[in-house]
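*Asks:* Take the sequence shown: its letter number 47 is residue 46 in numbering that gives the first Met the number 0, and every next letter is one higher. Glycine included, C-beta positions come from ideal geometry on N, C-alpha and C. Sharing a structure here in structure tokens format.
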Amino acid sequence: MTALTLGLIAALCWGLHDITIRFLSQSAPMMGCLLSVLFIGAIFQGCALFILGAGPVSTDAFILALFAGVAFLLANVGLYFAFARGPVRLVAPIIACFSVISVGIAVIEGASLTAGHATAIAVLMSGIAIVAFATPEDDQEFPPPGPTIGFALLAAFGFAITFKLGQLAAEASGDLEASLISRCTALVVLAAILAARVKTVLPGRGAVVPLVFMGLLDSIAIFSVISAAPLPNPEYAAVSTSTFGLLTIVLAWGFLKEAMRPVQWIGCLVTFSALGYLAQ
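Listed below in structure tokens is the structure:
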């Protein structure tokens with residue numbers, strides 16, 4: 000399986016995950032939802048590790064996974080609050096820019112990109128930008144965009160750092176081990192913060208099924224990206240993962256009735272065409 004394929008699996012999972020966030024934000028506290036998803040995801044990953052068998056984890060891998068977990072928590076805080084504010088067509092493409100940051104890190108470290116691949120990545124991000132900024136007339140009202148963009152940027156940088164540190168940890172130990180350590184780190188830190196606030200954040204019974212679904216999707220997605228570490232061009236996993244934003248936008252159009260202009264559909268086509276070139 001290629002890094003690009005693993006990224007597409009992650010994109011599908013996160014697209015479904017993120018539209019569920021937008022849906023739950025109308026009735027459930029976001030930090031309670033995030034805590035629940037982290038906990039459920041840890042259970043899924045722990046069971047998988049128990050079944051497949053856990054390998055040794057070096058000190059360096061453990062430390063890298065810990066820092067990846069902190070970055071993962073910051074990324075998810077930005078993600079949840081950005082999607083809760085909306086609109087999805089603004090939030091999703093900005094968060095998807097984490098792929099550009101990931102590729103930039105790879106180039107700084109010495110990775111080489113062909114002119115064709117570099118062009119394809121630029122076209123891919125241009126397609127996402129078209130979808131984001133060709134704003135249609137919308138009957139829905141949204142909060143001021145400034146803080147929303149700030150949360151989305153926090154998520155973008157957080158995910159880029161998470162994937163880089165997570166892949167380094169996976170190379171030094173194992174995919175599942177690194178992923179589980181990172182998730183548990185994020186879970187413990189968030190639980191400690193919420194406990195210190197002494198505030199009820201329970202999502203409610205009606206959110207249980209969606210949260211279990213989100214926990215499973217999120218676990219598969221993060222594991223897919225981290226699993227790309229030993230493959231050629233692992234940064235392409237992050238690039239293809241960025242298309243989750245397009246899926247989320249389409250779902251928001253179909254289920255949440257967020258407006259879309261024809262030019263935005265063209266942007267979707269451009270993005271997937273660039274992705275097809277990268278897959279060659």
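Check the C-beta distance from G77 over to A154 and give it rounded, since I have them as a contact under 8 angstroms.
*Replies:* Position 78 of the sequence shown, counted from the first residue, corresponds to residue 77. Position 155 of the sequence shown, counted from the first residue, corresponds to residue 154. Indeed, because the Cβ distance is near 3 angstroms, the residues count as touching under 8 angstroms.
*Asks:* Between which residues of its own chain and L230 is the CB-CB distance below 7 angstroms, once the five residues before and five after are set aside?
*Replies:* Reading the sequence shown from its first residue, position 231 is the one you call residue 230. Same-chain partners within the cutoff: T1 and A2.
*Asks:* V269 and S125 look like a contact to me (Cβ under 8 angstroms); what is the Cβ gap, rounded to whole Å?
*Replies:* The residue given as residue 269 occupies position 270 in the sequence shown. The residue given as residue 125 occupies position 126 in the sequence shown. Right, their Cβ atoms sit about 7 angstroms apart.
*Asks:* Roughly how far, in whole angstroms, is the beta-carbon of L34 from the beta-carbon of L189, given that I think they are within contact range, below 8 angstroms?
*Replies:* Working through the sequence shown from its first residue, we reach residue 34 at position 35. Working through the sequence shown from its first residue, we reach residue 189 at position 190. Between L189 and L34 the Cβ distance is about 6 angstroms, and since that is below 8 angstroms, they are a contact.
*Asks:* Counting pairs of Cβ atoms below 8 angstroms between the segment 203 to 216 and the segment 25 to 32, do you hit three or more?
*Replies:* Yes, they touch.
*Asks:* Is the beta carbon of G173 sitting closer than 8 angstroms to the one on G54?
*Replies:* Reading the sequence shown from its first residue, position 174 is the one you call residue 173. Reading the sequence shown from its first residue, position 55 is the one you call residue 54. For G173 and G54, yes; Cβs fall inside 8 angstroms.
*Asks:* My assumption, with CB atoms under 8 angstroms, is that T147 sits in contact with A81. Please give the rounded CB distance.
*Replies:* For the purposes of this step, residue 147 is identified with residue 148 of the sequence shown, where counting begins at 1. For the purposes of this step, residue 81 is identified with residue 82 of the sequence shown, where counting begins at 1. Correct: roughly 6 angstroms between the Cβ atoms.
*Asks:* For H116 and A110, what's the separation of their Cα atoms in angstroms?
*Replies:* Taking the first residue of the sequence shown as 1, we reach residue 116 at position 117. Taking the first residue of the sequence shown as 1, we reach residue 110 at position 111. Spanning the two alpha carbons is a distance of roughly 12 angstroms.
*Asks:* Determine the direct distance from the alpha carbon of A133 to that of P261, and round the result to whole angstroms.
*Replies:* Working through the sequence shown from its first residue, we reach residue 261 at position 262. Working through the sequence shown from its first residue, we reach residue 133 at position 134. About 9 angstroms.
*Asks:* My output table needs one value for C96: the three-state DSSP class, helix, strand or coil.
*Replies:* Position 97 of the sequence shown, counting from 1, holds the residue named residue 96. Correct three-state label for C96: coil.
*Asks:* Shortest alpha-carbon distance to F141 belongs to which of I8, R84 and F254?
*Replies:* Taking the first residue of the sequence shown as 1, we reach residue 141 at position 142. With distances taken between Cα atoms, F141 lies closest to R84.
*Asks:* If we call anything under 8 angstroms between Cβ atoms a contact, is L193 one with V200?
*Replies:* On the sequence shown, residue 193 is found 194 positions in, with the first residue counted as 1. On the sequence shown, residue 200 is found 201 positions in, with the first residue counted as 1. The answer is yes: Cβ separation under 8 angstroms.
*Asks:* For S226, which three-state DSSP category applies?
*Replies:* Stepping through the sequence shown from its first residue, residue 226 is reached at position 227. Here S226 sits in coil by DSSP.
*Asks:* Could you give the uninterrupted runs of the alpha helix (DSSP H) lying entirely in the segment 67 to 117, keeping only those of 4 residues or more?
*Replies:* For the segment 67 to 117, whole alpha helix (DSSP H) runs of length 4 or above, ordered along the chain, are 87 to 95 and 97 to 107.
*Asks:* At least one CB of chain D closer than 8 angstroms to the CB of S24: is that the case?
*Replies:* The chain inventory of the structure shown lacks chain D, comprising one protein chain alone.
*Asks:* By Cβ distance, which residues of its chain are closer than 8 angstroms to L179, with the 5 residues on each side in sequence left out?
*Replies:* Translated into the one-based positions of the sequence shown, residue 179 becomes position 180. Only A41, Q44, G45 and L48 meet the Cβ criterion.
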